[in-house]
Amino acid sequence: MFHVDFYKDKSVFLTGHTGFKGTWLTKMLVMAGAKVTGYSLEPPTTPNLYEMTSLSKNITSVIGDIRDKEKLFKAFERAKPEIVFHLAAQPIVRDSYQDPVYTYETNVMGTVYLLECIRQSDTVKSFLNVTTDKVYENKEWEWGYREEDPLDGYDPYSNSKSCSELVTHSYKKSFFADERVAISTARAGNVIGGGDFANYRIIPDCIEAARKGEDIIVRNPNSTRPYQHVLEPLAAYLMIAEQQYKDRSYAGYYNVGPDEKDCITTGQLVNYFCQFWKDGVHWRSQEENGPHEANFLKLDCSRIKKVFGWKPVWGVEEALEKVVEWSKVYVEGKEIETCMEQQIESFRKKENENV
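Per our numbering, residue 71 is the first one in the sequence shown, and the count goes up by one each step.
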């Protein structure tokens, strides 16, 4: 687990703060009392979670493109961060087929530019690059991928994140061998949570269909994925960044995913959603000739469990219950930010109980 007191008054630089995961992480950092500088494009969707919150009043928010080297350097120099989280990315598999050049520029060169900022900094002590479970060469086998397995994502998004990993590895060996900056990467599974409005994602599709009273359309009901609530990897990111800040020996490459029992098919996930949403919501399968996506993907999280004693807090059923809870608040026009705070506190309470 991470310690809230550790982040109080720490200077943190976070790329991608206006995105779904970025907004939740920003909220957690603000609640912990960190001094946050966010660097990101405008929120990627309308509606979006970031603009539903008051976070812009509590942080230094810089709207900029991660590919804009000069603007990034200036923002970084002003912030003088001790801790850096890199979440900025083009994160959608299908969009990467439509614009592969933009995807590679953002996900690869964006990482290079940020690492250059860190290389020239005299304040940074801890850096975490957040990638994805899709960085691995997917052989559709039944066991989970381990951190030492080959990195060779198939589609432009996955492959660009593999490249981002390799860039980080190279900078770590070439420029930070003296360990003046602790550097790690985290490869998370499929995250779900309140406030994700992205295209081509199953939970946003479920919520939109339920809101309209329509059947949920499921493209790949038999695909197995490591689904987890968004707070699971975010808490792990905060833990890794904290521990390697205190002790450089914790720096490394970590999978962050659910336990074996919570790696379920998309069809099972939607069943849980319908169960918690109620109101007679149903789903149906509709195959389509879309671009290639992995059919079977699981992570082996033995390393992070052994090194940190980490374990997931919410199983997939509880995660879906929290997603529906947030979504009902949104649909009914109630207080979004209060719900976020309550869910973070609930997560932290159970995390403490599990220690």
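Using N, Cα and C, we set each Cβ at its ideal position, and we do this for glycine too.
Residue burial classification, residue i (beta-carbon count within 10 angstroms, cutoff 16)
i: Ala247; result: exposed
i: His87; result: buried
i: Gln160; result: buried
i: Gln356; result: exposed
i: Trp384; result: buried
i: Asn422; result: exposed
i: Gln148; result: It should be pointed out that residue 148 corresponds to Arg in this sequence rather than to Gln. So Arg148 ends up on the exposed side.
i: Trp94; result: buried
i: Thr55; result: Since the first residue shown for the chain is 71 and the last is 425, residue 55 is missing from the structure and cannot be characterised.
i: Arg49; result: Residue 49 falls outside the range modelled here, since the chain spans only 71 to 425, and no answer is possible.
i: Lys331; result: exposed
i: Asn325; result: buried
i: Thr201; result: buried
Any non-hydrogen atom of the ligand NAD within 7 angstroms of residue i CB
i: Tyr120; result: With respect to the ligand NAD, the structure shown offers nothing to examine, as it has no ligands at all.
Residue i vs residue j beta-carbon contact at 8 angstroms
i: Ala252; j: Ala321; result: yes
i: Val74; j: Gly108; result: no
i: Ser166; j: Asn199; result: no
i: Gly263; j: Tyr400; result: no
i: Pro296; j: Asp222; result: no
i: Thr205; j: Ser228; result: Rather than Thr, the amino acid found at residue 205 in this sequence is Val. Yes, the Cβ-Cβ distance between Val205 and Ser228 is below 8 angstroms.
i: Phe267; j: Asn118; result: yes
i: Leu390; j: Gly327; result: no
i: Leu185; j: Thr130; result: no
i: Tyr172; j: Lys139; result: no
i: Gln298; j: Pro382; result: yes
i: Thr336; j: Ser293; result: yes
i: Val163; j: Ile188; result: no
i: Leu367; j: Asn208; result: yes
i: Glu407; j: Ser124; result: yes
i: Arg137; j: Glu175; result: yes
i: Val194; j: Glu249; result: no
i: Lys105; j: Asp79; result: yes
Residue i: first and last residue of the uninterrupted beta strand (DSSP E) it sits in
i: Trp353; result: 353–355
i: His73; result: Where His73 is concerned, there is no enclosing beta strand (DSSP E), given that its DSSP letter is neither H nor E.
i: Tyr109; result: 105–110
i: Ser234; result: Here Ser234 belongs to no beta strand (DSSP E); instead the alpha helix (DSSP H) covers 226–245.
i: Thr130; result: 130–133
i: Ile287; result: 286–288
Helix, strand or coil at residue i [DSSP, three-state]
i: Thr115; result: coil
i: Val261; result: strand
i: Asn325; result: strand
i: Thr93; result: helix
i: Val82; result: strand
i: Ala158; result: coil
i: Asn208; result: coil
i: Tyr215; result: strand
i: Ala280; result: helix
i: Leu441; result: The structure shown does not extend to residue 441, since the chain spans only 71 to 425, so no value can be given for it.
i: Ala389; result: helix
i: Phe197; result: strand
i: Gln367; result: This sequence places Leu at residue 367; Gln is not what is there. Correct three-state label for Leu367: coil.
i: Ile136; result: coil
i: Arg164; result: helix
i: Ala102; result: coil
i: Ser397; result: helix
i: Ser254; result: strand
i: Arg271; result: coil
Endpoints, alpha helix (DSSP H) assigned at residue i
i: Val171; result: 170–174
i: Thr181; result: 180–189
i: Lys376; result: 372–378
i: Arg418; result: 406–424
i: Cys344; result: 336–347
Original post:
Taking one C-beta from the stretch 376–385 and one from the stretch 90–107 each time, how about it: are there three or more such pairs within less than 8 angstroms?
Top reply: Here the stretch 376–385 makes no contact with the stretch 90–107; the two share fewer than three CB pairs at distances below 8 angstroms.
Original post:
Do three or more CB pairs link the stretch 343–351 to the stretch 277–290 at distances below 8 angstroms?
Top reply: A contact between stretches requires three or more CB pairs, one per stretch, nearer than 8 angstroms, and the stretch 343–351 meets this requirement with the stretch 277–290.
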